[in-house]
Ligand code: B12
Ligand SMILES: Nc1nc2c(ncn2[C@@H]2O[C@H](COP(=O)(O)OP(=O)(O)OP(=O)(O)O)[C@@H](O)[C@H]2O)c(=O)[nH]1
Ligand SMILES: [Mg+2]
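Residue numbers (our numbering), protein chains in the order written: chain A, 836 to 985; chain B, 2 to 316.
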């Protein structure tokens with residue numbers, strides 16, 4: 836298939852990203868900062884507030900066909916909740932949407948999250964530019980997978 | 002990895018499979034003129050034309066998304082398959098966008114399993130995005146009974162929706178100030194149905210009277226646009242609203258005029274695009290030939306003649 840043909844006629848495809856706080860966690864300052872930063876980096880950003888269940892996160896990501904799901908938790912529940920999202924993605928055979936995490940995540944948890952396929956896991960004080968760069972890289976990987984499917 | 006071939010994707014759309022529908026929308030959204038996008042639309046076209054396409058328009062913050070959440074819940078409750086598309090403006094600076102309509106309807110969407118897609122207008126004026134026509138076709142072919150489209154909410158400039166929707170719901174409310182005067186002067190005629198939202202707030206009844214009077218003075222056609230007052234926080238007035246939407250849906254499906262006008266408008270856009278894309282590579286190649294361009298400049302060729310010569314040599 837001739838994917839990508841004439842793409843520049845429409846100035847490429849912006850990265851599409853879903854920002855979610857999958858749990859009872861009122862710390863939304865960070866995610867709101869990120870939403871604006873991602874938009875200013877040229878991404879199409881969906882933030883829907885609290886998405887209580889992993890099902891809701893994954894359903895929304897599929898319907899919106901995003902490239903990246905960005906999960907943010909500052910309440911310490913990331914090891915159970917992020918895992919649920921990753922498990923559900925696996926169960927539904929979805930591998931062309933990247934999952935990126937962040938919030939208050941202790942160093943010790945990061946390798947475990949990586950193993951589940953959740954990358955990034957940046958905490959307080961991370962420069963926005965570093966986060967944008969990471970998201971852009973992951974999105975590019977996903978785009979490659981998607982164009983192979985067509 | 003699931004290898005989704007285009008034929009499977011098309012079959013998936015017809016079968017109403019969510020992931021096929023969603024991926025197909027990305028293909029028409031992102032590669033409008035690609036062979037893939039065209040193939041999808043060509044193959045599903047025979048399956049379109051069944052859904053009732055409802056456009057929700059009105060000034061920013063008036064309650065369009067909240068209303069769509071309520072409508073999705075209530076219409077799904079009666080067994081209809083509802084699909085929603087909502088458009089937000091892209092930032093002219095970064096090209097990015099905060100797609101904020103979903104947040105107001107998320108609860109209803111989840112509870113009733115309604116398919117909803119957020120689109121950025123990618124700089125298109127007129128309240129829609131270029132891909133909305135094909136997106137609506139995909140949702141139509143996937144078996145939707147009703148497709149609800151939320152326009153950008155720029156108010157006075159949202160006119161393109163007349164070329165897309167069969168029923169246009171113009172949402173207004175109290176406290177619009179000068180905006181309502183502009184709307185009354187300009188775009189009243191595009192509404193098939195007027196909703197005064199936020200009836201719980203002071204000034205709503207005055208707004209309703211105001212619109213009713215303006216309509217009474219307008220030239221009358223066969224369809225007389227009704228005015229419905231609602232409170233979207235309590236769903237008061239929604240039975241009336243749904244009844245009127247359905248009544249207009251029945252009215253409009255009998256009108257071949259509208260179908261004809263919509264078909265012609267879409268054809269116009271498509272021809273325009275086909276022309277541009279047909280010569281796209283040649284034009285790019287021409288523009289990146291520095292020597293040729295420099296030559297034209299040095300010979301003081303005027304831009305009209307240069308463009309005419311190029312196009313004549315291609316066509
Ligand atoms: C401000 C704050 C609050 C505010 C929140 C206001 C709001 N609307 O956001 C208020 C006062 C409401 C609050 C309440 C509570 N808080 Co508080 N709060 C903080 C504090 C001081 C700063 C958080 C913040 O806004 N930072 C600024 C933003 C911009 O940064 P950020 O959120 O960290 O996001 C950045 C990165 O983390 C990263 N990032 C974040 N998400 C993601 C996602 C992805 C995908 C990526 C890539 C990156 C990324 O990028 C962002 C930009 O760099 C932190 C301590 C701290 N220094 O982190 C505690 C802290 C988070 N709170 C804590 C607690 C315990 C609470 C409370 C339970 C009670 C309490 N003790 O105060 C309540 C619970 C509230 C609730 N309902 O959930 C603990 C959490 C402990 C834990 N994880 O186990 C912390 C760590 C303080 C502490 N050391 O004890 N809190
Ligand atoms: N009091 C009152 N508030 C309402 C009503 N309907 C919606 N709102 C509020 O109005 C605000 C805007 O609602 P939205 O549904 O986002 O409006 P919108 O027209 O979609 O906004 P844009 O998409 O940004 O143009 C929200 O805070 C709603 O809660 C209503 O009937 N009464
Ligand atoms: Mg809205």
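Ideal placement from N, C-alpha and C gives every residue a C-beta, glycine not left out.
C-alpha distance - residue 963 of chain A paired with residue 869 of chain A, whole-angstrom precision | 8 Å
Quick one: is residue 865 of chain A near chain B, going by C-beta distance under 7 Å?
-> no
Any heavy atom of ligand 2 closer than 6 Å to the Cβ of residue 61 of chain B?
-> yes
Return the bridge partner residues of residue 230 of chain B from the DSSP annotation.
-> B:197
Compare the C-beta of residue 3 of chain B with all C-beta atoms of chain A and state if any pair is closer than 7 Å.
-> Low confidence applies to residue 3 of chain B: its pLDDT is 42, below 50, so where it sits in the model is not reliable enough to give any reading.
Apart from the five residues just before and just after residue 899 of chain A, which ones in its own chain have a Cβ nearer than 8 Å to its Cβ?
-> 851, 853 and 881
Check whether residue 860 of chain A and residue 908 of chain A have beta carbons under 7 Å apart | yes
So, helix, strand or coil for residue 876 of chain A, using DSSP?
-> coil
Counting Cβ pairs closer than 8 Å, one from the segment 76-93 of chain B and one from the segment 139-148 of chain B, do we hit at least three?
-> yes
Nearest-angstrom Cα distance between residue 365 of chain B and residue 293 of chain B?
-> Outside the displayed range of chain B (2 to 316) lies residue 365 of chain B, so it cannot be described from this structure.
According to DSSP, residues forming a beta bridge with residue 1 of chain B | The displayed coordinates of chain B run from 2 to 316. Any statement about residue 1 of chain B would go beyond what the structure contains.
May I ask you to verify whether the segment 165-174 of chain B touches the segment 59-77 of chain B, counting CB pairs closer than 8 Å and requiring at least 3?
-> yes
Cβ of residue 311 of chain B less than 7 Å from any chain A Cβ?
-> no
Alpha carbon to alpha carbon, how far is residue 971 of chain A from residue 961 of chain A?
-> 16 Å
Sub-7 Å separation of residue 56 of chain B and residue 166 of chain B beta-carbons | yes
Reduced DSSP secondary structure (H/G/I, E/B, other) of residue 953 of chain A = strand
Against chain B: residues of the segment 879-893 of chain A by CB proximity under 8 Å | 879, 880, 881, 882, 883, 884, 886 and 891
Residue span of the beta strand (DSSP E) that contains residue 89 of chain B, given as start and end = 83-89
Use the C-beta contact count for residue 312 of chain B: other C-beta atoms within 10 angstroms, 16 or more gives buried, fewer gives exposed.
-> exposed
Taking Cβ-Cβ distances shorter than 8 Å, what residues in chain A pair up with residue 116 of chain B?
-> 898
Beta-bridge pairing of residue 239 of chain B - partner residues as DSSP gives them | Looking at the DSSP assignment, residue 239 of chain B forms no beta bridge with any residue, so it has no partner.
Among B:246, B:139 and B:193, which one has its Cα closest to the Cα of residue 42 of chain B?
-> B:139
Which runs of the beta strand (DSSP E), 3 residues or longer, sit entirely within the segment 113-139 of chain B?
-> 116-121
How about residue 892 of chain A and residue 920 of chain A: are their beta carbons less than 7 Å apart?
-> yes
Answer with yes or no whether the minimum CB distance from residue 978 of chain A to chain B is below 7 Å.
-> no
Regarding residue 964 of chain A and ligand 2, is the C-beta to nearest heavy atom distance less than 6 Å?
-> no
Looking at the C-beta of residue 205 of chain B, does it have a partner C-beta in chain A at a distance below 7 Å?
-> no
Would you mind reading off the limits of the alpha helix (DSSP H) that contains residue 315 of chain B?
-> 304-315
Write down the C-beta distance between residue 194 of chain B and residue 227 of chain B rounded to the nearest angstrom, noting that I regard them as a contact closer than 8 Å.
-> 6 Å
Pairwise C-alpha distance: residue 894 of chain A and residue 948 of chain A = 21 Å
Do residue 121 of chain B and residue 98 of chain B come within 7 Å of each other at the CB atom, strictly closer than that value?
-> yes
Could you pull out every residue in the same chain whose Cβ sits closer than 6 Å to the Cβ of residue 28 of chain B, ignoring the five residues on either side in sequence?
-> 37 and 38
Counting along the chain, where does the alpha helix (DSSP H) carrying residue 916 of chain A start and finish?
-> 913-926
Look at residue 161 of chain B and residue 128 of chain B and say whether their C-beta atoms are less than 7 Å apart.
-> yes
For residue 973 of chain A and chain B, any beta-carbon pair shorter than 7 Å?
-> no
Is residue 257 of chain B near ligand 3, with its Cβ less than 6 Å from a heavy atom?
-> no
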